[in-house]
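Student:
Residue numbers (full-length UniProt numbering): 1 to 365.
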């Protein structure tokens, strides 16, 4: 089945910068993605299944450690449509977390052992109740309160222009995605004009104190490759980004996180359409690092979808792989019960264990 899906995807004409859902692309359906990930090279025995690789080091079944990070996706709506988005987010996506589900999340935030709250999207700022949620969540005493921003949202509409001040007021740790420090590579992945808006947004964040060397207002950037290859050394990339952004635009930031593109959603579509899927999977498997397995993000994170369902990680959420536990929704949350589970894995997990490993907080090994 996966071969016919892949052939149809290669032939399909894909309008630029539309979500898979808007194109009615087969890969908008998680089961179609899983059919590809579980078939082909792996079903034929050319490459080992991920479970077999971690069995070699006694890590199967993969089990969680102590919960540290509660990652909440407040909606798939976004002001831009990035070429490699694993969420398939965009302006046409209408999935938005309701106040009722936010209230359920707040109850868990007040009682969980997690020290980090990580709000993501889409563009999380586009949820109409985003500011209320931040205000309420900031009272819960979380040590590290992250909002993942695409930066361009700050310039997308006048109502978002004051976000830097709002983030500062609530001591939000801003983690911002920026594909590259050059206009061409950034706009190729994110759309024309996004780079200039992102640079202006970073400057506005700097103006209120974010990212400055001695500032406690944390500003970190996220880099992921623009093509079918793995990211380079995180520290080297950070030096290059800091040098270029400072010299060209006077921009300061704290850290850069290098994240491997996982072969799901729009990046999977890109790999198939460009005939890079098999080569990329070979690259991931060949770069498999067993020392990264114990530190992958699913071992210390719970991901909550816009409608309150629980997942081992943000990537499993996009593949529709709910936690293997009787507690499956935020309204029923019980930390002791949810920690007693096996983590669901598939071949996309090679992306988190390739090279130095990869998580939402950058490299892990």
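From the three backbone atoms N, C-alpha and C, an ideal C-beta is built for every residue, glycine too.
Model, not experiment: these values are computed from the prediction.
Okay, do the stretch 302 to 310 and the stretch 79 to 98 touch, 3+ Cβ pairs below 8 Å being the bar?
Tutor: yes
Student: Just to confirm my understanding: we take residue 214, look at its own chain, exclude 5 residues before and 5 after, and list those with CB closer than 6 Å. What are they?
Tutor: For the purposes of this step, residue 214 is identified with residue 214 of the chain shown, where counting begins at 1. Cβ neighbours of residue 214 beyond the five flanking positions: none.
Student: Considering just the uninterrupted stretch of the beta strand (DSSP E) at residue 117, what are its terminal residues?
Tutor: Here residue 117 refers to the residue found at position 117 of the chain shown. Taken as a continuous stretch (DSSP letters only), the beta strand (DSSP E) holding residue 117 covers 116 to 120.
Student: Using the rule of at least 16 other Cβ atoms within 10 Å of the residue's Cβ for burial, across every protein chain shown, is residue 367 buried or exposed?
Tutor: No information on residue 367 is available, as it lies outside the stretch 1 to 365 that the chain covers here.
Student: Please classify residue 10 as buried or exposed, where buried requires at least 16 neighbouring CB atoms within 10 angstroms.
Tutor: By one-based count along the chain shown, residue 10 stands at place 10. Note on residue 10: pLDDT 49, under 50, position unreliable in the model; the coordinate value appears next. Burial call: exposed.
Student: What span of residues does the beta strand (DSSP E) with residue 174 cover, start to end?
Tutor: The residue you call residue 174 lines up with position 174 of the chain shown. Note, residue 174: beta strand (DSSP E), 173 to 177.
Student: Rounded to whole angstroms, what is the Cα-Cα separation between residue 205 and residue 197?
Tutor: Along the chain shown, one-based indexing puts residue 205 at 205. Along the chain shown, one-based indexing puts residue 197 at 197. If I take the Cα positions, the gap works out to 12 Å.
Student: In chain order, what residues of the same chain lie with their CB nearer than 8 Å to the CB of residue 295, ignoring the 5 residues before and after it?
Tutor: The residue you call residue 295 lines up with position 295 of the chain shown. Excluding positions up to five away in sequence, the list reads 357, 359, 364 and 365.
Student: State the CB to CB distance for the pair residue 60 and residue 346, rounded to an integer number of angstroms; the pair is presumed to be in contact (CB under 8 Å).
Tutor: For the purposes of this step, residue 60 is taken as the residue at position 60 of the chain shown. For the purposes of this step, residue 346 is taken as the residue at position 346 of the chain shown. Residue 60 to residue 346, Cβ: 13 Å. No contact.
Student: Which class does residue 246 belong to by DSSP, given the choice of helix, strand or coil?
Tutor: The count along the chain shown starts at 1 and reaches residue 246 at position 246. Correct three-state label for residue 246: helix.
Student: Quick one: any contact between the stretch 31 to 47 and the stretch 278 to 290, if contact means 3 or more CB pairs under 8 Å?
Tutor: yes
Student: At which residues does the alpha helix (DSSP H) containing residue 34 begin and terminate?
Tutor: Taking the first residue of the chain shown as 1, we reach residue 34 at position 34. Its alpha helix (DSSP H) spans residues 30 to 38.
Student: Please classify residue 277: does DSSP put it in a helix, a strand, or coil?
Tutor: As a working note, residue 277 is residue 277 in the chain shown. Looking at residue 277 - three-state DSSP - the assignment turns out to be helix.
Student: What does the alpha-carbon distance come out to for the pair residue 324 and residue 342?
Tutor: Counted from its first residue, the chain shown places residue 324 at position 324. Counted from its first residue, the chain shown places residue 342 at position 342. C-alpha separation (whole angstroms): 6 Å.
Student: Rounded to whole angstroms, how far is the Cβ of residue 75 from the Cβ of residue 141, which I believe are closer than 8 Å?
Tutor: In the chain shown, the residue the question calls residue 75 occupies position 75. In the chain shown, the residue the question calls residue 141 occupies position 141. 25 Å between Cβ atoms; not a contact.
Student: Under the rule that 16 or more other beta-carbon atoms within 10 Å means buried, what is residue 229, buried or exposed?
Tutor: Residue numbering aside, residue 229 sits at position 229 when the chain shown is read from its first letter. Result: exposed.
Student: Just list the alpha helix (DSSP H) runs in the stretch 264 to 339, keeping only unbroken ones of 4 residues or longer that don't cross its boundaries, in chain order.
Tutor: 265 to 273, 277 to 286, 314 to 318 and 335 to 339
Student: Could you give the DSSP three-state label for residue 13: helix, strand or coil?
Tutor: Against the chain shown, residue 13 aligns to sequence position 13. Legend: pLDDT at residue 13 = 40, less than 50; position of this residue unreliable, value from coordinates given subsequently. Three-state result, residue 13: coil.
Student: How about residue 138 and residue 173: are their beta carbons less than 8 Å apart?
Tutor: Position 138 of the chain shown, counted from the first residue, corresponds to residue 138. Position 173 of the chain shown, counted from the first residue, corresponds to residue 173. The answer is no: Cβ separation not under 8 Å.
Student: So, at 7 Å on beta carbons, what are the nonlocal neighbours of residue 131 in its own chain, with the 5 sequence-adjacent residues on each side left out?
Tutor: Working through the chain shown from its first residue, we reach residue 131 at position 131. Excluding sequence neighbours, residue 131 sits near 166.
Student: What residue ranges within the UniProt domain "Radical SAM core" (72 to 210) form continuous beta strand (DSSP E) runs of no fewer than 3 residues, ordered along the chain?
Tutor: 116 to 120, 144 to 149 and 173 to 177
Student: Residue 50 lies in the alpha helix (DSSP H); which residues open and close that run?
Tutor: Counting from 1 along the chain shown, the entry for residue 50 is found at position 50. Unbroken alpha helix (DSSP H) run through residue 50: 50 to 55.
Student: How is the alpha helix (DSSP H) around residue 22 delimited, first residue to last?
Tutor: Reading the chain shown from its first residue, position 22 is the one you call residue 22. Segment 20 to 23, the alpha helix (DSSP H) holding residue 22.
Student: Are residue 78 and residue 266 touching if we call contact CB-CB under 8 Å?
Tutor: Indexing the chain shown from 1 puts residue 78 at position 78. Indexing the chain shown from 1 puts residue 266 at position 266. By the CB criterion at 8 Å, residue 78 and residue 266 fall outside the cutoff.
Student: Tell me whether the beta-carbon of residue 151 lies closer than 8 Å to the beta-carbon of residue 119.
Tutor: Here the question's residue 151 lines up with position 151 in the chain shown. Here the question's residue 119 lines up with position 119 in the chain shown. No, these two residues do not count as a Cβ contact at 8 Å.
Student: Which residue or residues does DSSP assign as beta-bridge partners of residue 257?
Tutor: To locate residue 257, count along the chain shown from 1; it is residue 257. According to DSSP, residue 257 bridges with 222.
Student: Quick check: residue 182 and residue 88, are their CB atoms within less than 8 Å of each other?
Tutor: Within the chain shown, the letter at position 182 stands for residue 182. Within the chain shown, the letter at position 88 stands for residue 88. In this structure, residue 88 does not lie closer than 8 Å to residue 182 by Cβ.
Student: Quick one: Cα of residue 191 to Cα of residue 335, how far?
Tutor: As a position in the chain shown, residue 191 is number 191, starting the count at 1. As a position in the chain shown, residue 335 is number 335, starting the count at 1. When rounded, the distance between both Cα atoms is 41 Å.
Student: With the cut-off set at 8 Å, would you say residue 311 and residue 321 are in Cβ contact?
Tutor: Reading the chain shown from its first residue, position 311 is the one you call residue 311. Reading the chain shown from its first residue, position 321 is the one you call residue 321. A contact, by the Cβ cut-off of 8 Å.
Student: I need the straight-line Cα distance from residue 210 to residue 56, nearest angstrom please.
Tutor: Sequence index remark: in the chain shown, residue 210 carries index 210 (1-based). Sequence index remark: in the chain shown, residue 56 carries index 56 (1-based). If I take the Cα positions, the gap works out to 44 Å.
Student: Grouping DSSP H, G and I as helix and E and B as strand, with all else coil, what is residue 43?
Tutor: In the chain shown, residue 43 corresponds to position 43, counting from 1. Here residue 43 sits in helix by DSSP.
Student: Which residue's Cα is closest to the Cα of residue 256: 67, 273, 270 and 219?
Tutor: Here the question's residue 256 lines up with position 256 in the chain shown. When each option's Cα is compared against that of residue 256, the closest is 219.
Student: Which residues in the same chain as residue 298 place their Cβ atom closer than 6 Å to its Cβ, once the five residues preceding and following it in sequence are excluded?
Tutor: Start at 1 with the first residue of the chain shown, and residue 298 comes out as number 298. Excluding positions up to five away in sequence, the list reads 312, 313 and 343.
Student: Output the distance between the C-alpha atoms of residue 350 and residue 327, rounded to the nearest integer angstrom.
Tutor: As a position in the chain shown, residue 350 is number 350, starting the count at 1. As a position in the chain shown, residue 327 is number 327, starting the count at 1. For residue 350 and residue 327, the distance between alpha carbons rounds to 27 Å.
Student: Taking the alpha carbon of residue 93 as the reference point, which residue from 127, 149, 285 and 224 has its own alpha carbon closest?
Tutor: Position 93 of the chain shown, counted from the start, is the residue given in the question as residue 93. Minimum Cα distance to residue 93 is reached at 127.
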